[in-house]
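A quick write-up on the structure given underneath.
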Amino acid sequence: MGIFARISNRVLFVINIIVAAAFLLACINPHINPENWPLVSLISLAFPFLLILVIAFFVWWLLVRRKWALLSGIALILGGGEITDFFAVKFYASFKEPKKEGTIRIATWNVARFIEMVKNNNMGSQTRYKMLKQISRVNADILCFQEFSSSVNPDWYNNIVAVSKGLNYPYYYFHHDLDGDRLFNGNVIFSRFPIADTGMVRFPRPTLPEAIVFADIEVGKKLIRVHTAHLQSNQFRKEDLSKIQEIKGGKRNILSNTRHILSKLSVAITHRSIQADMARTIIDNSPYPVIFCGDMNDVPNSYTYKTVKGNLQDAFLQKSFGIGRTYTSLSPTLRIDYILADESFDIGQYQRITTRYSDHYMVVADVSLKNKPVSP
């Protein structure tokens, strides 16, 4: 081996050490409260890219200098738990549209206010119609929607009526805030099973005006509690997205743009940590079997996800394979929408519906109460 090759390999190994250290920091990040270290917590977004680099170094050193592969190998072993939260490894059959007897089909979707709120025949209204058709085809027993809107103004769409009466979901709970023009926005739970009780807990300001909501749903002779929430978004505006594109393209103002984006991310992740702690307490206090559905606005390798999930089952990890992206913009690595269920449930199957109507994909899972037959 020539002197140039030896120097190059040593430089690569130093880079490997830095990458492995960053990867391990990303692995312990879910256990660090962002309230204390918001900027450190942002490393969760880099987890998939750090994972790829660690694997690449591992393979490279196996081919070039085997003993140096030990560094990446140890990092991968130590980070195994985070890897399996990020990447599902269950081989699965295709989603069966007919529901098995005794199963409960649950769908969650950030519907982005159904794109169009005013009655007309533009592209937005056509997309809204397609979204309602998709909801009908899925034929879920329970629907959890975030960023749901409905209006009592006759010139605006009444989506409560469209779903409850038009799609046959006679029971629902809609927590909402007045947003002008008699338009209401918030989280909603629709059900074909009777709802025995409902509740909500509002997140503290200055976060989003939405709340974590729940409904106690009568499934056969048993009650289950279904929660849904929309945790604090990063609230990127068009100018923020433009700054991100400038950063990606290496254009001017990289430092100022980066500071601006990191600032918004750190504020949002701090708010989400508070909301995640609240959600965990609410879930723990449930007297009934728990299902949590919603848009967490955070990835699996985050404090938000780990805190809310706790000992719940992640339907995607149980019944799917791959990364499972649910957000259509920015990066293909963003799984931020979840269906979680406690150990009272068996998870039968899982599906992402990758239509680009909203900026989120609909997520669907079939679950069943253990040893408890149900009938819609």
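Residue 1507 in my numbering sits at position 140 of the sequence shown, and the numbers go up by one each step.
We put the CB at the ideal spot given by N, CA and C, even for glycine.
Pick from the options that is closest to residue i, judged by C-alpha positions
| i | options | result |
| --- | --- | --- |
| residue 1712 | 1728, 1663, 1721, 1657 | 1657 |
| residue 1527 | 1480, 1391, 1566 | 1480 |
| residue 1637 | 1725, 1650, 1663 | 1663 |
| residue 1549 | 1462, 1520, 1407 | 1520 |
| residue 1535 | 1398, 1597, 1509 | 1509 |
| residue 1568 | 1680, 1650, 1537, 1517 | 1650 |
| residue 1709 | 1647, 1455, 1377 | 1647 |
| residue 1564 | 1589, 1584, 1503 | 1584 |
| residue 1461 | 1501, 1654, 1701, 1686 | 1686 |
| residue 1561 | 1551, 1531, 1552, 1554 | 1531 |
| residue 1653 | 1668, 1630, 1566 | 1566 |
| residue 1419 | 1721, 1735, 1493, 1700 | 1700 |
| residue 1694 | 1679, 1672, 1725, 1677 | 1725 |
| residue 1540 | 1728, 1487, 1558, 1482 | 1558 |
| residue 1692 | 1680, 1673, 1727, 1679 | 1727 |
| residue 1459 | 1688, 1696, 1553 | 1688 |
| residue 1396 | 1673, 1698, 1736, 1678 | 1673 |
| residue 1698 | 1386, 1380, 1413 | 1413 |
| residue 1417 | 1392, 1719, 1451 | 1392 |
| residue 1503 | 1440, 1488, 1522, 1472 | 1472 |
| residue 1425 | 1513, 1451, 1407, 1386 | 1386 |
| residue 1734 | 1466, 1428, 1516, 1478 | 1466 |
| residue 1642 | 1380, 1400, 1384 | 1400 |
| residue 1456 | 1690, 1736, 1704, 1442 | 1690 |
| residue 1483 | 1518, 1571, 1702, 1720 | 1518 |
First through last residue of the alpha helix (DSSP H) which encompasses residue i
| i | result |
| --- | --- |
| residue 1338 | Residue 1338 lies beyond the stretch modelled for the chain, which goes from 1368 to 1743, so this question has no answer here. |
| residue 1453 | 1447-1453 |
| residue 1700 | Residue 1700 -> no alpha helix (DSSP H), and no H or E assigned at all. |
| residue 1419 | 1414-1431 |
| residue 1498 | 1490-1505 |
| residue 1683 | 1682-1686 |
| residue 1529 | 1526-1531 |
| residue 1407 | 1405-1408 |
Close-in-space but distant-in-sequence residues of the same chain around residue i (CB under 7 Å, 5 per side omitted)
| i | result |
| --- | --- |
| residue 1529 | 1499 |
| residue 1740 | Unreliable positioning characterises residue 1740 in this predicted model, as indicated by a pLDDT of 48, which lies under 50. A coordinate reading is not provided. |
| residue 1655 | 1583, 1590, 1591, 1592 |
| residue 1522 | 1485, 1486 |
Rounded Cβ spacing between residue i and residue j (contact assumed at less than 8 Å)
| i | j | result |
| --- | --- | --- |
| residue 1394 | residue 1449 | 4 Å |
| residue 1415 | residue 1390 | Not a contact, Cβ separation roughly 10 Å. |
| residue 1507 | residue 1731 | 6 Å |
| residue 1600 | residue 1411 | The pair is not a contact, with the Cβ atoms about 16 Å apart (cut-off 8 Å). |
Spatial neighbours of residue i in its chain, beta-carbon cut-off 6 Å, leaving aside the 5 residues before and after
| i | result |
| --- | --- |
| residue 1347 | A question about residue 1347 goes unanswered here, because the residues of the chain that appear run from 1368 up to 1743. |
| residue 1742 | Bear in mind that the predicted position of residue 1742 carries a pLDDT of just 48, short of 50, making it unreliable; the figure below should be weighed with that in mind. Excluding residues within five positions, none has a Cβ falling inside 6 Å. |
| residue 1660 | 1475, 1511, 1595, 1706 |
| residue 1490 | none |
| residue 1682 | 1706, 1714, 1717, 1732 |
| residue 1581 | 1566, 1592, 1594 |
| residue 1404 | none |
CB contact below 9 Å: residue i versus chain D
| i | result |
| --- | --- |
| residue 1515 | Judged by its chain identifiers, the structure shown contains no chain D, having just a single protein chain. |
Residue range of the beta strand (DSSP E) that includes residue i
| i | result |
| --- | --- |
| residue 1595 | 1589-1597 |
| residue 1510 | 1509-1518 |
| residue 1563 | 1562-1569 |
| residue 1729 | 1729-1736 |
| residue 1477 | 1471-1477 |
| residue 1550 | 1550-1558 |
| residue 1583 | 1578-1586 |
Proximal residues to residue i (C-beta, below 8 Å), its chain only, five neighbours per side dropped
| i | result |
| --- | --- |
| residue 1738 | none |
| residue 1378 | none |
| residue 1431 | 1376 |
| residue 1440 | 1425 |
| residue 1757 | Coverage of the chain is limited to positions 1368 through 1743, which leaves residue 1757 absent and any answer about it impossible. |
| residue 1680 | 1707, 1708, 1709, 1710, 1712, 1714 |
- Quick one: which unbroken alpha helix (DSSP H) runs of 4-plus residues sit fully inside the segment 1650-1675? Chain order, please. none
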